[in-house]
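Working notes, structure below.
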Amino acid sequence: MKFPMWHGTGETQGSQKKARGCYLASTKQIKAQVEAGSIFRGPEGFGDRNVCTLEVPEEIPKKGQLHEEIQSVLFDERDPAKVFKIGMTLGAEHEAMLTRVLREYRDVFAWEPKDMPGVDPEVLAHRLYVIRIISPSSRRTGPFRRRRERPSGRR
Numbered sequence: 000m001k002f003p004m005w006h007g008t009g010e011t012q013g014s015q016k017k018a019r020g021c022y023l024a025s026t027k028q029i030k031a032q033v034e035a036g037s038i039f040r041g042p043e044g045f046g047d048r049n050v051c052t053l054e055v056p057e058e059i060p061k062k063g064q065l066h067e068e069i070q071s072v073l074f075d076e077r078d079p080a081k082v083f084k085i086g087m088t089l090g091a092e093h094e095a096m097l098t099r100v101l102r103e104y105r106d107v108f109a110w111e112p113k114d115m116p117g118v119d120p121e122v123l124a125h126r127l128y129v130i131r132i133i134s135p136s137s138r139r140t141g142p143f144r145r146r147r148e149r150p151s152g153r154r
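Taking numbering that gives the first Met the number 0, I'd label the letters of the sequence shown as residues 0 to 154.
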């Protein structure tokens, strides 16, 4: 079984006890043992079998990074707020072709709700159903099942 870990992919085989050890390693509860080597081994007496093998990537990608650099291209000359973004690794020929096709089919894109005639505004907008007269309440904390805690036959 493979499972994600903070620094790669863990793989486990064998008993549930060994799987639990890999899980604890993945949640950083046994951080020191994982950092010591790239292989987490089971406790003494379980042999020299690997509990989980860590496939550590050479470089850990940061979340939210783009795969490539992008550039903004003006969608409509009359409205400079409408732009689309394309990757910079495209060649000049492909970039010109993509720009031409997107501008040719500009009527397909909807920038605002008014750009979609014939669509009911109820579909476009979401509103929560809240009754303003009723005040918000939360669940009371306290012992549950009070009747079961009492001796039977008494209230």
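No residue lacks a Cβ here, since even glycine has one placed at the ideal position from N, Cα and C.
On the criterion of 16 or more Cβ atoms from any shown chain inside 10 Å, does residue i qualify as buried, or is it exposed?
{"i": "Ser25", "result": "buried"}
{"i": "Gly20", "result": "buried"}
{"i": "Met96", "result": "exposed"}
{"i": "Lys17", "result": "buried"}
{"i": "Gly9", "result": "buried"}
Helix, strand or coil for residue i? Go by DSSP, reduced to three states.
{"i": "Gly44", "result": "No answer about Gly44 holds up, because its pLDDT of 44 lies below 50 and its placement is not dependable."}
{"i": "Gly9", "result": "strand"}
{"i": "Ala80", "result": "strand"}
{"i": "Asp119", "result": "coil"}
{"i": "Ala31", "result": "Model confidence at Ala31 stands at a pLDDT of 40, short of 50, so the residue's coordinates are unreliable and nothing is read from them."}
{"i": "Ser25", "result": "helix"}
{"i": "Ala124", "result": "coil"}
{"i": "Arg131", "result": "coil"}
My understanding is that residue i touches residue j, with C-beta atoms under 8 Å, so please give their C-beta distance in whole angstroms.
{"i": "Thr98", "j": "Glu67", "result": "Rounded, the Cβ-Cβ distance is 17 Å, inconsistent with contact."}
{"i": "Pro116", "j": "Leu123", "result": "The Cβ separation is near 12 Å, so there is no contact."}
{"i": "Trp110", "j": "Lys84", "result": "Rounded, the Cβ-Cβ distance is 14 Å, inconsistent with contact."}
For residue i, list the residues DSSP reports as bridge partners.
{"i": "Met4", "result": "Gly7"}
{"i": "Ile69", "result": "Gly86"}
{"i": "Asp75", "result": "Asp78"}
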